[in-house]
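Reading through the structure tokens given below for one structure.
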Amino acid sequence: MNSQQKSECPSFPAFPQSLNPIKKLKQRFKELWAQLDTLESTKKIVTGSLGQREVIDTGMFTSWKVKVKNLLVIACGENSQHFKAFIEGEKPSSMESEYSIKKRLGAIFEAAKEDFEGGYLVSLKQLVQAEFFESELEQAEELLNNKRWDIQIFFN
Numbered sequence: 009m010n011s012q013q014k015s016e017c018p019s020f021p022a023f024p025q026s027l028n029p030i031k032k033l034k035q036r037f038k039e040l041w042a043q044l045d046t047l048e049s050t051k052k053i054v055t056g057s058l059g060q061r062e063v064i065d066t067g068m069f070t071s072w073k074v075k076v077k078n079l080l081v082i083a084c085g086e087n088s089q090h091f092k093a094f095i096e097g098e099k100p101s102s103m104e105s106e107y108s109i110k111k112r113l114g115a116i117f118e119a120a121k122e123d124f125e126g127g128y129l130v131s132l133k134q135l136v137q138a139e140f141f142e143s144e145l146e147q148a149e150e151l152l153n154n155k156r157w158d159i160q161i162f163f164n
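Each residue of the sequence shown is one higher than the last, beginning at 9 in the working numbering.
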């Protein structure tokens, strides 16, 4: 082995934590959960000709729904049960208040948040792909560790 060849497996830079997609999604779930609490604090009881009803800040609620739908598409997918339930849950029944809809959507959002944080949103296909990639990477690292420098091209 000449002096220019490396004697150890090359080290790869760590994935920047600020760019870690899982960490970013977890943070976004937390932010939107906090916004749901803020939305709850806007609840007021209004008396009208049909009696009393609970109202919330409509603009804030609309903004929250759009943000949650975007997050659900990214984290769960458009075909996920979470996203479908959220879309269906947005539809008001007759005489239903926005506050009632907010409670229903909050429950759906909570289910998605718990499933995401628990790691239950991974499909079988994704698990198989991850396992395949991991085994290929382990094989390449083992060859490097056993001084098989001819495969080093993959790491440069």
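All C-beta atoms in this analysis are idealised placements derived from N, C-alpha and C, irrespective of residue type, glycine included. This structure is a prediction, so every number in the text was calculated from the model and none was measured.
In this model, residue 107 and residue 116 are separated by some 14 Å (Cα to Cα). Taking C-beta atoms under 8 Å as the contact rule, residue 94 and residue 80 qualify, at a distance of about 6 Å.
In the DSSP assignment, residue 52 falls outside any alpha helix (DSSP H) and lies within the beta strand (DSSP E) extending over 52 to 56. In this structure, DSSP gives residue 130 a state outside helix and strand, which the three-state scheme calls coil. For residue 129, the CB contacts under 6 Å within the same chain, skipping 5 residues up- and downstream, are 84, 123 in chain order.
Here DSSP, grouped into helix, strand and coil, assigns residue 149 to helix.
By the Cβ neighbour-count rule, residue 82 is exposed, with fewer than 16 other Cβ atoms within 10 Å of its own. Taken through DSSP and simplified to helix, strand or coil, residue 67 comes out as helix. Annotated three-state conformation of residue 104 is coil, per DSSP. By the Cβ rule, the segment 89 to 104 does not count as touching the segment 29 to 49, because fewer than three pairs are nearer than 8 Å. Contact between residue 121 and residue 72 fails: their C-beta atoms lie close to 13 Å from each other, not under 8 Å.
For residue 86, the secondary structure class from DSSP, reduced to helix, strand or coil, is coil. Under the three-state reduction of DSSP, residue 118 is assigned to helix. Separation of the CB atoms of residue 118 and residue 34 is rounded to 14 Å, and the pair is thereby denied contact status at 8 Å. Going by C-alpha positions, residue 100 is about 12 Å away from residue 111.
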